[in-house]
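Scroll down for the structure; my scribbles are underneath it.
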Amino acid sequence: MKRLMLIGQSQCGKTSLMQCLRGEPLSYHKTQAIDYADLAIDTPGEYLENRCLYSALITTSYDADVVALVQSADHPQSFFAPQFASVFNKPVIGIITKADQGQDAAALEAARDKLQLAGAHTLFVTSALTREGIAPLLDYLN
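According to this note's numbering, numbering within the sequence shown proceeds without interruption in unit steps and concludes at 161.
Given below as C-alpha coordinates:
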(Lines of atoms letter the chains of each structure in order from A and count residues from 1; the text may use other names and numbers.)
(Lines give C-alpha, C1' and ligand atoms only; values in the text may rest on other atoms or scores of the structure.)
Protein backbone atom coordinates (compact mmCIF):
# COMPACT_ATOMS: atom_id res chain seq x y z
CA MET A 1 0.00 0.00 0.00
CA LYS A 2 1.23 3.49 -0.84
CA ARG A 3 2.19 5.72 2.07
CA LEU A 4 0.11 8.90 2.13
CA MET A 5 1.25 12.29 3.44
CA LEU A 6 -1.63 14.52 4.60
CA ILE A 7 -1.23 18.31 4.31
CA GLY A 8 -3.98 20.75 5.23
CA GLN A 9 -4.90 23.57 7.55
CA SER A 10 -5.66 23.06 11.23
CA GLN A 11 -8.90 21.22 12.00
CA CYS A 12 -9.58 20.21 8.39
CA GLY A 13 -9.88 16.52 9.34
CA LYS A 14 -6.41 15.11 8.57
CA THR A 15 -6.06 13.17 11.82
CA SER A 16 -9.63 11.83 11.67
CA LEU A 17 -9.04 10.75 8.08
CA MET A 18 -5.85 8.96 9.12
CA GLN A 19 -7.69 7.21 11.98
CA CYS A 20 -10.43 6.16 9.55
CA LEU A 21 -7.91 4.79 7.03
CA ARG A 22 -6.32 2.74 9.83
CA GLY A 23 -9.71 1.46 11.02
CA GLU A 24 -9.30 3.12 14.41
CA PRO A 25 -12.10 4.73 16.42
CA LEU A 26 -12.31 8.47 15.82
CA SER A 27 -11.01 10.60 18.66
CA TYR A 28 -9.81 14.18 18.52
CA HIS A 29 -6.28 15.04 19.48
CA LYS A 30 -4.25 17.98 18.25
CA THR A 31 -1.33 16.95 16.06
CA GLN A 32 1.66 18.77 17.56
CA ALA A 33 4.42 17.29 15.40
CA ILE A 34 4.74 15.26 12.24
CA ASP A 35 3.23 11.84 12.96
CA TYR A 36 4.83 9.03 10.97
CA ALA A 37 2.76 5.86 10.67
CA ASP A 38 2.94 2.86 8.38
CA LEU A 39 0.00 3.96 6.21
CA ALA A 40 0.17 7.75 6.44
CA ILE A 41 2.15 10.76 7.58
CA ASP A 42 0.02 13.29 9.46
CA THR A 43 1.29 16.88 9.53
CA PRO A 44 0.22 19.71 11.83
CA GLY A 45 -1.89 22.36 10.11
CA GLU A 46 0.56 25.02 11.22
CA TYR A 47 3.10 23.61 8.76
CA LEU A 48 0.84 24.75 5.91
CA GLU A 49 -0.32 27.93 7.60
CA ASN A 50 3.26 29.18 8.19
CA ARG A 51 5.33 29.46 5.01
CA CYS A 52 8.55 29.26 7.03
CA LEU A 53 7.70 25.58 7.59
CA TYR A 54 7.17 24.66 3.91
CA SER A 55 10.69 23.22 3.76
CA ALA A 56 9.71 20.72 6.47
CA LEU A 57 6.72 19.62 4.36
CA ILE A 58 8.87 19.25 1.26
CA THR A 59 11.53 17.26 3.13
CA THR A 60 8.92 15.03 4.80
CA SER A 61 7.31 14.27 1.44
CA TYR A 62 10.36 12.19 0.51
CA ASP A 63 9.12 9.56 2.99
CA ALA A 64 5.72 9.34 1.27
CA ASP A 65 4.55 7.72 -1.96
CA VAL A 66 1.63 10.13 -2.45
CA VAL A 67 1.03 13.65 -1.13
CA ALA A 68 -2.57 14.58 -0.28
CA LEU A 69 -3.75 18.16 -0.08
CA VAL A 70 -6.68 18.13 2.35
CA GLN A 71 -9.47 20.73 2.20
CA SER A 72 -12.47 20.69 4.51
CA ALA A 73 -15.84 21.08 2.79
CA ASP A 74 -17.04 23.26 5.64
CA HIS A 75 -14.23 25.82 5.54
CA PRO A 76 -14.34 28.64 2.99
CA GLN A 77 -10.66 29.55 3.33
CA SER A 78 -7.75 27.73 1.70
CA PHE A 79 -4.07 28.06 2.58
CA PHE A 80 -2.91 26.35 -0.61
CA ALA A 81 -1.18 28.72 -3.01
CA PRO A 82 -1.88 28.27 -6.73
CA GLN A 83 0.14 25.28 -8.00
CA PHE A 84 1.32 24.47 -4.46
CA ALA A 85 1.56 20.82 -5.57
CA SER A 86 4.42 21.65 -7.93
CA VAL A 87 6.94 21.74 -5.05
CA PHE A 88 6.59 17.97 -4.53
CA ASN A 89 8.23 15.31 -6.67
CA LYS A 90 5.50 12.80 -5.79
CA PRO A 91 1.98 12.32 -7.14
CA VAL A 92 -0.35 14.85 -5.49
CA ILE A 93 -4.03 14.14 -4.88
CA GLY A 94 -6.75 16.24 -3.31
CA ILE A 95 -9.02 15.05 -0.51
CA ILE A 96 -12.17 16.92 0.49
CA THR A 97 -13.09 16.06 4.08
CA LYS A 98 -16.22 16.52 6.19
CA ALA A 99 -18.58 15.78 3.31
CA ASP A 100 -21.13 14.70 5.94
CA GLN A 101 -21.39 18.22 7.39
CA GLY A 102 -24.47 19.07 5.35
CA GLN A 103 -22.58 21.08 2.78
CA ASP A 104 -24.43 22.04 -0.36
CA ALA A 105 -23.15 21.33 -3.85
CA ALA A 106 -21.68 24.83 -4.11
CA ALA A 107 -19.47 24.29 -1.03
CA LEU A 108 -18.17 20.98 -2.39
CA GLU A 109 -17.52 22.58 -5.78
CA ALA A 110 -15.64 25.44 -4.10
CA ALA A 111 -13.44 22.92 -2.26
CA ARG A 112 -12.79 21.10 -5.57
CA ASP A 113 -11.83 24.38 -7.22
CA LYS A 114 -9.37 25.22 -4.41
CA LEU A 115 -7.66 21.84 -4.67
CA GLN A 116 -7.48 21.96 -8.46
CA LEU A 117 -6.02 25.47 -8.33
CA ALA A 118 -3.40 24.10 -5.92
CA GLY A 119 -2.48 21.46 -8.52
CA ALA A 120 -4.35 18.39 -7.28
CA HIS A 121 -6.37 16.90 -10.12
CA THR A 122 -7.22 13.46 -8.73
CA LEU A 123 -9.83 14.23 -6.08
CA PHE A 124 -11.65 12.23 -3.40
CA VAL A 125 -14.68 13.42 -1.41
CA THR A 126 -14.66 11.81 2.05
CA SER A 127 -16.19 11.71 5.49
CA ALA A 128 -14.30 10.01 8.30
CA LEU A 129 -17.52 9.94 10.34
CA THR A 130 -19.68 8.10 7.78
CA ARG A 131 -16.75 6.51 5.86
CA GLU A 132 -18.08 8.07 2.64
CA GLY A 133 -15.38 7.99 -0.06
CA ILE A 134 -12.92 5.97 2.03
CA ALA A 135 -13.13 2.80 -0.12
CA PRO A 136 -12.16 4.59 -3.38
CA LEU A 137 -9.27 6.29 -1.57
CA LEU A 138 -8.04 2.95 -0.20
CA ASP A 139 -8.37 1.43 -3.69
CA TYR A 140 -6.19 4.24 -5.05
CA LEU A 141 -3.57 3.63 -2.36
CA ASN A 142 -3.43 -0.12 -3.03
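Positions of the beta carbon are idealized from the N, C-alpha and C atoms, including for glycine.
Closest Cα partner of residue i within the set the options
i: P95; options: D158, M20, L142, E128; result: E128
i: Q120; options: A139, T149, A104; result: T149
i: V89; options: I77, F107, S29, M20; result: S29
i: D84; options: N69, Y55, K49; result: Y55
i: M24; options: I77, L72, S46, H48; result: I77
i: G113; options: V106, L136, A126, A124; result: L136
i: K133; options: E43, S46, A92; result: A92
Cross-strand partners of residue i (DSSP beta bridge)
i: Y55; result: I60
i: I112; result: A87, T141
i: M24; result: I60, V86
Whole-angstrom C-beta distance between residue j and residue i, which should lie under 8 Å
i: A52; j: R22; result: No, A52 and R22 are not in contact; Cβ-Cβ is about 18 Å, not under 8 Å.
i: L154; j: L45; result: Note that residue 154 corresponds to Ala in the displayed sequence, not to Leu. Going by Cβ atoms, the distance from A154 to L45 rounds to 17 Å, so no, they are not a contact pair.
i: T145; j: I115; result: 7 Å
Given 8 Å, three or more beta-carbon pairs between the region 90 to 106 and the region 35 to 43: No: fewer than three Cβ pairs fall under 8 Å.
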